[in-house]
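Residues in the sequence shown are numbered consecutively from 1, following UniProt numbering.
Every residue, glycine too, gets a C-beta built ideally from N, C-alpha and C.
Note that the structure is predicted; figures quoted are calculated from it, not measured.
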Amino acid sequence: MFEEGQYFAPVNTDADGTVVVELGENHPGFADPEYRDRRNAIAGLAMDWEPGLPMPEVSYTDTEHEIWRLVSAELAVKHQALAAKEYLDGGERLKLPADHIPQLAEVSEALAPLTGFSYLPAAGLVPLREFYGVLSDGKFHATQYIRHHSVPLYTPEPDVIHEVIGHANALASPRFAALYRAAGEAARRVHSEDALEFVSRVFWFTLEFGVMSEKDGLKAYGAGILSSYGEIDEFRGMNIMPLDLYTMGTVDYDITKYQDKLFDAGSMEQLEDVVGEFWETCDDASIERLLAEGG
Numbered sequence: 001m002f003e004e005g006q007y008f009a010p011v012n013t014d015a016d017g018t019v020v021v022e023l024g025e026n027h028p029g030f031a032d033p034e035y036r037d038r039r040n041a042i043a044g045l046a047m048d049w050e051p052g053l054p055m056p057e058v059s060y061t062d063t064e065h066e067i068w069r070l071v072s073a074e075l076a077v078k079h080q081a082l083a084a085k086e087y088l089d090g091g092e093r094l095k096l097p098a099d100h101i102p103q104l105a106e107v108s109e110a111l112a113p114l115t116g117f118s119y120l121p122a123a124g125l126v127p128l129r130e131f132y133g134v135l136s137d138g139k140f141h142a143t144q145y146i147r148h149h150s151v152p153l154y155t156p157e158p159d160v161i162h163e164v165i166g167h168a169n170a171l172a173s174p175r176f177a178a179l180y181r182a183a184g185e186a187a188r189r190v191h192s193e194d195a196l197e198f199v200s201r202v203f204w205f206t207l208e209f210g211v212m213s214e215k216d217g218l219k220a221y222g223a224g225i226l227s228s229y230g231e232i233d234e235f236r237g238m239n240i241m242p243l244d245l246y247t248m249g250t251v252d253y254d255i256t257k258y259q260d261k262l263f264d265a266g267s268m269e270q271l272e273d274v275v276g277e278f279w280e281t282c283d284d285a286s287i288e289r290l291l292a293e294g295g
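Right under this line is the structure:
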C-alpha cells in the first residue's frame, strides 16, 4: 500500500467535528450527495474507533450488498482462470461470503485460526510506517466503504472489495501471510525514509501487483490486480520482467493507470526466497548498498 495511500480521498474534520471525505471532481460519487454523506459517515466510524473497542460495524444497504454480489461473482470467474494457486487455496480456506459485504470483524474471525491476521478500520490514508508496521503484528488497515453504484466494476481508490477480496484471500494463506509479516518487520527495522520507500515499493510490485508463472501460464497474486475487474484481463499483455529487487525498489510507475511493468516471481518458492529473504534481513545499510551498487 505504498503509493496506494496517495489515491485515497483525503479525510478531514471540520471545526464542528464533522468528518468529510474530499472526493475529487472526477470521482463517480462526486455529484451524489447521498453517497458523499455515506462516505463521511463510514469514515467517521473509523475515526471514532480506538484499540480495545469492538470493531465498528457498517449497516450496509441493499444497494451496497448488490454491488458486492455482482463484483464478487465476476471476479470469482476471472480468478479461476487467472489467479495464482496459492491465492485460490487461501480463498478456499477463507470462504468469503458472496451474497453480502462482510464486516471487518467477520473477516478477522475467519482469518484468526488460519494465519492469525485481523483487520483494523481505516478512514482513508494510513501513514506509511504505521500501515506497514502493524503487518508484523498480524494486523491490516482497511477501509469499509464500497464503490459508487453507477460503476460497480470500477473504483478510483481502494474500497472494501479491494481490501477484502484482494487482500484477505492472500492473508488466509500461511505462505502469503508470512510475507506480509516480513514486510511489516522490515518497515519497523529500517529508519530512513528512503529505505522505507524501497521496502514499500517492493511490496507494491509483489503483494499489490505481483504475478508468477505456473504450469498453465502467467497468474496474478497481487491484490491490486485480483480486485480489479479490468486490470485482471490486461496484466498478461504488460511488460513482464524477472523478479529484481533493485528495479522493483526504484522503477517509476503511474498509480492512475493499469501497471504496465510487472515482475514475474517465477514461483511461490522464488518469491519467498528473493522477496521474503530481503524483507527478513534488510536494514538501512543493506538497502543503501543496494541503491549505491545499482542492484
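So what does DSSP say about residue i, is it helix, strand or coil?
i: S118; result: strand
i: K215; result: coil
i: M238; result: coil
i: residue 355; result: Because the chain spans 1 through 295 in this model, residue 355 falls outside it and cannot be assessed.
i: N26; result: coil
i: H100; result: coil
i: A123; result: coil
i: D137; result: helix
i: M55; result: coil
i: S108; result: helix
What is the residue span of the alpha helix (DSSP H) that residue i lies within?
i: D89; result: 85 to 94
i: N40; result: 33 to 48
i: L226; result: 223 to 226
i: G230; result: Element bounds for G230: n/a, residue is neither H nor E.
Assuming residue i is part of the beta strand (DSSP E), what are its boundary residues?
i: L262; result: 261 to 264
i: T13; result: 11 to 13
i: V19; result: 19 to 21
What are the residues that DSSP puts in a beta bridge with residue i?
i: A142; result: P121
i: A220; result: A83, V211
* Which parts of the stretch 144 to 216 are runs of the alpha helix (DSSP H), unbroken and 4 residues or longer, counting only runs that do not cross its ends? -> 174 to 189, 193 to 203
* Pair every Cβ in the stretch 38 to 58 with every Cβ in the stretch 184 to 203, then say whether three or more of these pairs are closer than 8 Å. => no
* To do: Take every Cβ of the stretch 244 to 253, pair it with every Cβ of the stretch 196 to 206, and state whether three or more of those distances are shorter than 8 Å.
  => yes
* Asked: Per the contact definition of three or more C-beta pairs closer than 8 Å, is the stretch 125 to 136 in contact with the stretch 97 to 115?
  -> no
* Asked: Is there contact between the stretch 206 to 221 and the stretch 149 to 164, where contact requires at least three CB pairs shorter than 8 Å?
  -> no
* Asked: Is it a yes or a no for the stretch 79 to 86 touching the stretch 145 to 154, going by three-plus beta-carbon pairs under 8 Å?
  -> no
* **contact_flag[the stretch 159 to 174, the stretch 80 to 96] where n(CB pairs < 8 Å) is 3 or more** => yes
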